[in-house]
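S.K.: Residue numbers (my numbering), protein chains in the order written: chain A, 970 to 1202; chain B, 88 to 279.
Ideal Cβ positions, reconstructed from N, Cα and C, are used throughout, including at glycine.
Note that the coordinates shown come from a computational prediction; the quantities given were computed from them, not determined experimentally.
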C-alpha cells in the first residue's frame, strides 16, 4: 500500500465538515472566549509565553554549545526537552554523553556524580529515540553494550581502552552481560529497541526480562517489573 | 519522492493573508484542518479538541499580530502542535499519559464516532498515531496540512535536513503500519 495515496485522499477531504457543525463549534469557542475569567485569560497567555520560552531555551542551548560550554548547554536543552521541544532531547543526551566521557579516563571507581551523568544521558537518548529523533541504534545500543558512553559525535578521543569496563557499576555490568533468556523471545532489551512501535511497546509490556534489564540500567527512573499473577487453578 | 509543493508556497501564503482580512473566514477555513491535524497525532482525542479550541482563542487574542505576519496559518499550527506536545510531555512525566495500544484503540473509537473524517480514514489515523512523535508531526504537516519542507522546518524550529529525514522515515514507518489492519473498526459518526 502506498501511504502517499492514502494521505492525499485524507488531505483532499480534511476540510469537509458540515457547515452547521462548524458554525456550532466556532460559536462555542467564541462564546467561551467572551465569557472567560481572568484566570483563563492568563492561562492562555502563559501557554503562548511557554511556547516562546521553550524555543528560546533551545536556541540558548545551541548558542552555549557553539561557545563550547556544554554544561550550560545541557541546562538550556533540558528546559526545552522537558516540554518535548523537537531535537532538544537528543541534543541534551549528546551533551551529557560528552560530559560523562570526560571521566572515562579518570582513575578510580565511578562516582555517584559520574553515574548520574551516564544515567541521565541514557534516559534522554531513550527519550529521543521514543520521540523518533534518532534511529537509536547507534546511541542507545552503545549505551546498552556497556552503559558508559564510548562514542560520541562530539568526541575526538578514540574508543575506550580495554579493561576500563570495570568502571561501570556491577549491577549495570550484570544487566548488559545478561545471557539471553528463553523467556524473552527477542533475546533481550537490546533487540527489543530495534522494533518499531506498537510492537515494541506491546513486547515491553509483556516481557519481564526486558523490564528487568531496563530497571537495572535506570533504577531511579524505571520501576521494577510487575510480578506476574499466576492464573487460579 | 520529491516535494513538489514548494512552488505553491507563495500562493498559499497569499491566500492565508487574504483570509486574515476576515477573522471568521480564516477560522472557518483552518479550524477543521487544525482539529483533524491534531486528532491524527494526539494520544487523547479530547486533548486534541481542547488544544484546537485554545489555539483558536489564542489566535483571536493575537489577531493584530497575525494580520501583519507572513504566514498566519503556520503560526496557528505551530502554536497548536507545541501546546499538544507540552501537554503530553507533562502527562508523561507525571505518568498519566495512556499511550498503550488499548487506550489509543479505545480513544480512536471515540474519535471515529464523533468525526466522519476519522471514521473514513481510521486505518490512517491509527497508523499515524503509532508513529514516533517527530515523524508523525512532519507527516501530518506535510500531507494533511500541505506545508512544504521549508515551512515545516520553520513551524517545528528544526533544520530542513531534519525534516527530510523525519519525512523519509515517517513514510517508511507508515507504509509498514498501514500493511497491518487497524485493530478497531467503528461505525460512521457525525461531526457535531
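1) Grab me the residues of residue 1032 of chain A's own chain with a C-beta within less than 6 Å of its C-beta, minus the 5 sequence neighbours each way, in chain order.
2) Determine the direct distance from the alpha carbon of residue 1154 of chain A to that of residue 1022 of chain A, and round the result to whole angstroms.
3) For residue 151 of chain B, which residues in chain A fall below 8 Å Cβ to Cβ?
4) Per DSSP, what kind of secondary structure is residue 235 of chain B in: helix, strand or coil?
5) Run down chain A in chain order and give the residues with a C-beta less than 9 Å from the C-beta of residue 249 of chain B.
6) Would you mind reading off the limits of the alpha helix (DSSP H) that contains residue 203 of chain B?
7) Compare the C-alpha of residue 983 of chain A against each of B/253, B/126, B/102, B/109 and name the closest.
8) Sort A/1055, A/1091, A/1053, A/1047 by Cα distance to residue 1066 of chain A and report the nearest one.
9) What residue from A/1015, A/1052, A/1011, A/1048 has the CA that sits closest to residue 1026 of chain A's CA?
10) Any beta carbon of chain B sitting closer than 8 Å to that of residue 1132 of chain A?
11) Since residue 972 of chain A meets chain B, which of its residues come closer than 7 Å, beta carbon to beta carbon?
12) Whose Cβ in chain B lies nearer than 9 Å to the Cβ of residue 1052 of chain A?
13) Pull up the distance between the alpha-carbon of residue 100 of chain B and that of residue 995 of chain A, whole angstroms please.
14) Between the segment 140-152 of chain B and the segment 166-173 of chain B, are three or more C-beta pairs nearer than 8 Å?
15) Specify whether the segment 211-227 of chain B and the segment 258-267 of chain B touch according to this definition: at least 3 beta carbon pairs, one from each stretch, less than 8 Å apart.
16) Ordered along the chain, which non-local residues of its own chain (more than five positions away) have a Cβ less than 7 Å from that of residue 184 of chain B?
17) What separation, rounded to the nearest whole angstrom, lies between the Cα atoms of residue 241 of chain B and residue 1017 of chain A?
18) Please classify residue 1084 of chain A as buried or exposed, where buried requires at least 16 other C-beta atoms within 10 Å of its C-beta.
19) Can you list the residues of chain B that residue 1013 of chain A reaches, using a CB-CB cut of under 9 Å?
20) How about residue 996 of chain A: is its C-beta nearer than 8 Å to some C-beta of chain B?
21) Examine the ligand HEM and report whether any of its heavy atoms sits within less than 7 Å of the Cβ of residue 218 of chain B.
22) When DSSP labels each residue in this structure, what does residue 1128 of chain A get in the three-state scheme?
23) Quick check: residue 220 of chain B and residue 1174 of chain A, are their CB atoms within less than 8 Å of each other?
24) Could you work out which residues of chain A lie near residue 184 of chain B, taking near to mean beta carbons separated by less than 7 Å?
M.R.: If we stick to the structure as given:
1) Residue mapping note: residue 1032 of chain A aligns to position 63 of the first chain, counting from 1. Taken in chain order, the list of residues that qualify is empty.
2) Along the first chain, read from residue 1 onward, the residue named residue 1022 of chain A stands at position 53. Along the first chain, read from residue 1 onward, the residue named residue 1154 of chain A stands at position 185. Between residue 1022 of chain A and residue 1154 of chain A, the C-alpha separation is close to 45 Å.
3) What you label residue 151 of chain B is simply residue 64 of the second chain in a count that begins at 1. For residue 151 of chain B, there are no C-beta contacts with chain A under 8 Å, since the nearest C-beta of that chain is about 14 Å from it.
4) Position 148 of the second chain, counted from the start, is the residue given in the question as residue 235 of chain B. DSSP places residue 235 of chain B in the coil class of the three-state scheme, outside both helix and strand.
5) To locate residue 249 of chain B, count along the second chain from 1; it is residue 162. Per Cβ cutoff of 9 Å: 1055, 1056, 1102.
6) Here residue 203 of chain B refers to the residue found at position 116 when the second chain is read from its first residue. Looking at the DSSP string, the run of the alpha helix (DSSP H) that includes residue 203 of chain B is 203-207.
7) Counting from one through the first chain, the residue named residue 983 of chain A turns up at place 14. The residue from B/253, B/126, B/102, B/109 with its alpha-carbon nearest to that of residue 983 of chain A is B/126.
8) Here residue 1066 of chain A corresponds to residue number 97 of the first chain, with the count starting at 1. With respect to the C-alpha of residue 1066 of chain A, the residue from A/1055, A/1091, A/1053, A/1047 having the closest C-alpha is A/1091.
9) Taking the first chain and counting its residues from 1, the one referred to as residue 1026 of chain A is at position 57. Of A/1015, A/1052, A/1011, A/1048, the smallest CA-CA separation from residue 1026 of chain A is found for A/1048.
10) The residue labelled residue 1132 of chain A in the question sits at position 163 within the first chain. Because the pLDDT at residue 1132 of chain A is just 35, under 50, the model does not fix this residue reliably, and the value given afterwards should be weighed accordingly. No, because no Cβ of chain B sits closer than 8 Å to the Cβ of residue 1132 of chain A.
11) Translated into positions along the first chain, residue 972 of chain A becomes position 3. Neighbours of residue 972 of chain A on chain B, chain order: 258, 261, 262, 265.
12) Position 83 of the first chain, counting from 1, holds the residue named residue 1052 of chain A. Going along chain B in sequence order, the residues near residue 1052 of chain A (Cβ under 9 Å) are 169, 172, 173, 176, 177.
13) Numbered from 1 along the second chain, position 13 holds the residue referred to as residue 100 of chain B. Numbered from 1 along the first chain, position 26 holds the residue referred to as residue 995 of chain A. The C-alpha of residue 995 of chain A is placed about 23 Å away from the C-alpha of residue 100 of chain B.
14) Touching, per the Cβ criterion.
15) With a cut-off of 8 Å, the segment 258-267 of chain B and the segment 211-227 of chain B count as touching, because enough Cβ pairs lie within range.
16) As a working note, residue 184 of chain B is residue 97 in the second chain. Excluding residues within five positions, the ones whose Cβ falls inside 7 Å are 130, 175, 178.
17) Within the second chain, numbered from 1, the residue matching residue 241 of chain B stands at position 154. Within the first chain, numbered from 1, the residue matching residue 1017 of chain A stands at position 48. If you take the alpha carbons of residue 241 of chain B and residue 1017 of chain A, they lie about 17 Å apart.
18) Translated into the one-based positions of the first chain, residue 1084 of chain A becomes position 115. Counting the other Cβ atoms within 10 Å of the Cβ of residue 1084 of chain A gives 16 or more, which makes it buried.
19) As a position in the first chain, residue 1013 of chain A is number 44, starting the count at 1. 141, 144, 145, 148, listed in chain order.
20) Against the first chain, residue 996 of chain A aligns to sequence position 27. No - not a single Cβ of chain B is within 8 Å of the one on residue 996 of chain A.
21) The ligand HEM is absent from the structure shown, which contains no ligand whatsoever.
22) As a first step, residue 1128 of chain A must be located in the first chain, where it is residue number 159. The predicted model places residue 1128 of chain A with a pLDDT of 38, which falls under 50 and marks its position as unreliable, so this point remains unresolved.
23) Within the second chain, numbered from 1, the residue matching residue 220 of chain B stands at position 133. Within the first chain, numbered from 1, the residue matching residue 1174 of chain A stands at position 205. In this structure, residue 220 of chain B sits away from residue 1174 of chain A, with a CB-CB distance that is not shorter than 8 Å.
24) To locate residue 184 of chain B, count along the second chain from 1; it is residue 97. Counting only Cβ-Cβ distances below 7 Å, residue 184 of chain B has no contacts in chain A at all, with the closest Cβ about 11 Å away.
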